[in-house]
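Colleague:
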Amino acid sequence: MKENLETILKKAQEEIIACLKPADLANVKSKYLGKKSELNDLLSSLKDMSVEDKKTFGKLVNETKQEITSLVDSKNKELEDAILNEKLAKETIDISLPATKILCGAPNILESVIEDFESVFMSMGYDVVDGPEIEEDRFNFELLGLPKGHPARDAQDTFYVKGDEMLLRSHTSPVQARTMLAKEGKEPVRIICPGKAYRRDDDDATHSHQFTQIEGLLVDKDISLSDLKGTVTVICKKLFGKDTVTRFRPSYYQFTEPSVEMDISCFGCKGKGCNICKNTGWITIGGAGVVHYDVLKGCGYDPNIWSGFAFGFGAERCAMLKYGINDIRTFYNTDLRETANFDRREDI
Ligand code: DAH
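Those letters in the sequence shown? Residues 615 to 962, per the working numbering, in order.
(1) In chain order, what residues of the same chain lie with their CB nearer than 7 Å to the CB of Arg-861, ignoring the 5 residues before and after it?
(2) Within a Cβ cutoff of 7 Å, which residues of the same chain sit near Thr-678, ignoring the five residues on either side of it in sequence?
(3) Just mark Leu-702 as buried or exposed, buried being the case when its beta carbon has 16 or more other beta carbons within 10 Å.
(4) Given this structure, state the Cα-to-Cα distance separating Glu-779 from Gly-882, to the nearest angstrom.
(5) For ligand 1, is there any heavy atom lying closer than 6 Å to the beta carbon of Gly-926?
(6) What span of residues does the alpha helix (DSSP H) with Ala-933 cover, start to end?
(7) Where are the alpha helix (DSSP H) runs, 4 residues long or more, that stay fully inside the region 851-922, in chain order?
(8) Is any non-hydrogen atom of ligand 1 found closer than 6 Å to the C-beta of Ala-769, if you look at the structure I gave you?
(9) By how many angstroms is the C-alpha of Thr-793 removed from the C-alpha of Lys-800?
(10) DSSP three-state label for Ala-766, please.
(11) Is there a C-beta anywhere in chain C that falls below 7 Å from the one on Tyr-866?
(12) Assuming Phe-753 and Leu-853 are in contact, meaning their beta carbons sit under 8 Å apart, how far apart are those beta carbons, in whole angstroms?
(13) Taking only the alpha-carbon atoms, compute the straight-line gap between Val-686 and Ser-659 and give it to the nearest angstrom.
(14) Give the straight-line distance between the Cα atoms of Lys-668 and Lys-661, rounded to the nearest whole angstrom.
(15) Relative to ligand 3, is the shortest distance from any of its heavy atoms to the C-beta of His-785 smaller than 6 Å?
(16) Count the other C-beta atoms from every protein chain shown that fall within 10 angstroms of the C-beta of Thr-772, then say buried if there are 16 or more, exposed otherwise.
(17) Mind the definition here: the region 823-836 touches the region 929-947 only if three or more C-beta pairs lie below 8 Å; say whether that holds.
(18) Report yes or no: do the region 885-905 and the region 861-875 share at least 3 C-beta pairs separated by less than 8 Å?
(19) From the DSSP secondary-structure annotation, give me the bridge partner or partners of Pro-808.
(20) Do Ala-766 and Arg-783 have their beta-carbon atoms positioned less than 7 Å apart in this structure?
(21) Thinking C-alpha only, which one of Asn-690, Thr-714 and Ala-819 is nearest Leu-634?
(22) Spell out the partners DSSP gives Lys-776 in its beta bridges.
(23) Given that a residue counts as buried once 16 or more other Cβ atoms are within 10 Å of its Cβ, and exposed if not, what is Val-970?
Here you go:
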């Protein structure tokens, strides 16, 4: 029996050493320590022995069993360690690899031009107000001197959402009417309203069916065209540089009388002529005028007491000119390769 046990131990030892994978070890373990193992058979044969033999051989069988168990355990640890080490070796962090670049955001340039306008106007005491983009025909057209059937409506043909009563506003000018009506003709008005406007337009490099305007309205006593000219000139010098010269050309809008087109001297060539100003030396940045008698009246302000001026700047146009962008669609697509070029910060 003793020799038998030694042979079993030796064979088990050899097989355990030869194991390369945990699965092999599990097989060896069940072969030598499982229910159907030789050791188990030997244990069952003890029952036929004398008490004395039982003690001696029982002890020997158990010692062999313990020895095989500890051999299996240490081999198991050895195999697990090997697996772990192999995994760690593969996962080693290579600190010589260049780090992943973390992209850093930049302000949207259209938004920053609008914010520039807002801060200059706010410094002059203007409030920044909002208006609905889905607008009533009454505010968008009628109160601004464009009754139904007026031919000038065609130029601002837009998207109607409910019969002919509700539409996507074709300009930000309806905010003028809304603001005056809300103040019930009792107090002066000094507001700007930056916001989206919509028109049926063929989208190309300079036109978009959706674009941004910066509307302005001032109503007070004894206001004339010279106040408009002075205000716009100060604003343009602040926004486009102190050498900027303004020019006002006669124009026509239904809600202002007189009406003007606002031009600034080209900052690309300082008036000499270049491709930004199409060799004219001037750039048009919006429309303006003295608020029409009928508009004041229709919006609750007595035109014999109150007068005012209004203007509408094209925000994309100003941003395109300021940053030399030649396609309006650049503002609306989200291609970072394009927008990153307009990042003017120096500290990145
Ligand atoms: N609403 C005009 C447009 O979209 C721009 C404009 C012209 C606004 C004259 C005004 C203004 O407030 O007085 O073409």
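We put the beta carbon where it would ideally sit given N, CA and C, even for glycine.
Modeller: Considering the structure as presented:
(1) Position 247 of the sequence shown, counting from 1, holds the residue named residue 861. The residues Asp-877 and Trp-896, in chain order, have a CB closer than 7 Å to that of Arg-861 in the same chain once the five nearest residues on each side in sequence are set aside.
(2) In the sequence shown, the residue the question calls residue 678 occupies position 64. Excluding sequence neighbours, Thr-678 sits near Leu-619, Ile-622, Leu-623 and Leu-653.
(3) Locating residue 702 in the sequence shown gives position 88, counting from the first residue. With fewer than 16 other Cβ atoms within 10 Å, it is exposed.
(4) In the sequence shown, residue 779 corresponds to position 165, counting from 1. In the sequence shown, residue 882 corresponds to position 268, counting from 1. Note on geometry: alpha-carbon atoms of Glu-779 and Gly-882 lie some 44 Å from one another.
(5) Counted from its first residue, the sequence shown places residue 926 at position 312. Under cutoff, so the answer is yes.
(6) As a position in the sequence shown, residue 933 is number 319, starting the count at 1. Where Ala-933 is concerned, the enclosing alpha helix (DSSP H) starts and stops at 929-937.
(7) Here the runs fully enclosed are 907-912.
(8) One-based indexing of the sequence shown puts residue 769 at position 155. Within 6 Å of the C-beta of Ala-769 there is not a single heavy atom belonging to ligand 1.
(9) Here the question's residue 800 lines up with position 186 in the sequence shown. Here the question's residue 793 lines up with position 179 in the sequence shown. If you take the alpha carbons of Lys-800 and Thr-793, they lie about 12 Å apart.
(10) In the sequence shown, the residue the question calls residue 766 occupies position 152. Note: Ala-766 maps to helix in three-state DSSP.
(11) The structure shown has no chain C; it contains just one protein chain.
(12) Position 139 of the sequence shown, counted from the start, is the residue given in the question as residue 753. Position 239 of the sequence shown, counted from the start, is the residue given in the question as residue 853. Going by Cβ atoms, the distance from Phe-753 to Leu-853 rounds to 28 Å, so no, they are not a contact pair.
(13) Your numbering for residue 686 matches position 72 in the sequence shown. Your numbering for residue 659 matches position 45 in the sequence shown. Rounded to whole angstroms, Val-686 and Ser-659 show a C-alpha spacing of 25 Å.
(14) Along the sequence shown, read from residue 1 onward, the residue named residue 668 stands at position 54. Along the sequence shown, read from residue 1 onward, the residue named residue 661 stands at position 47. Going from the Cα of Lys-668 to the Cα of Lys-661 covers about 7 Å.
(15) Absence of ligand 3 from the depicted structure is noted, with ligand 1 being the only ligands included.
(16) The residue labelled residue 772 in the question sits at position 158 within the sequence shown. Counting Cβ neighbours within 10 Å, Thr-772 comes out buried, since at least 16 surround it.
(17) With a cut-off of 8 Å, the region 929-947 and the region 823-836 count as touching, because enough Cβ pairs lie within range.
(18) The region 885-905, when compared against the region 861-875, does touch it at the 8 Å Cβ threshold.
(19) Locating residue 808 in the sequence shown gives position 194, where the first residue counts as 1. Bridge pairing for Pro-808: Ile-828 [DSSP].
(20) Position 169 of the sequence shown, counted from the start, is the residue given in the question as residue 783. Position 152 of the sequence shown, counted from the start, is the residue given in the question as residue 766. Judged by beta-carbon spacing, Ala-766 lies beyond the 7 Å limit of Arg-783, meaning their Cβ atoms are not closer than that value.
(21) Here the question's residue 634 lines up with position 20 in the sequence shown. Of Asn-690, Thr-714 and Ala-819, the residue nearest in Cα terms is Asn-690.
(22) Start at 1 with the first residue of the sequence shown, and residue 776 comes out as number 162. Answer is Met-780.
(23) Any answer about residue 970 is impossible in this case: the structure gives the chain only from 615 up to 962.
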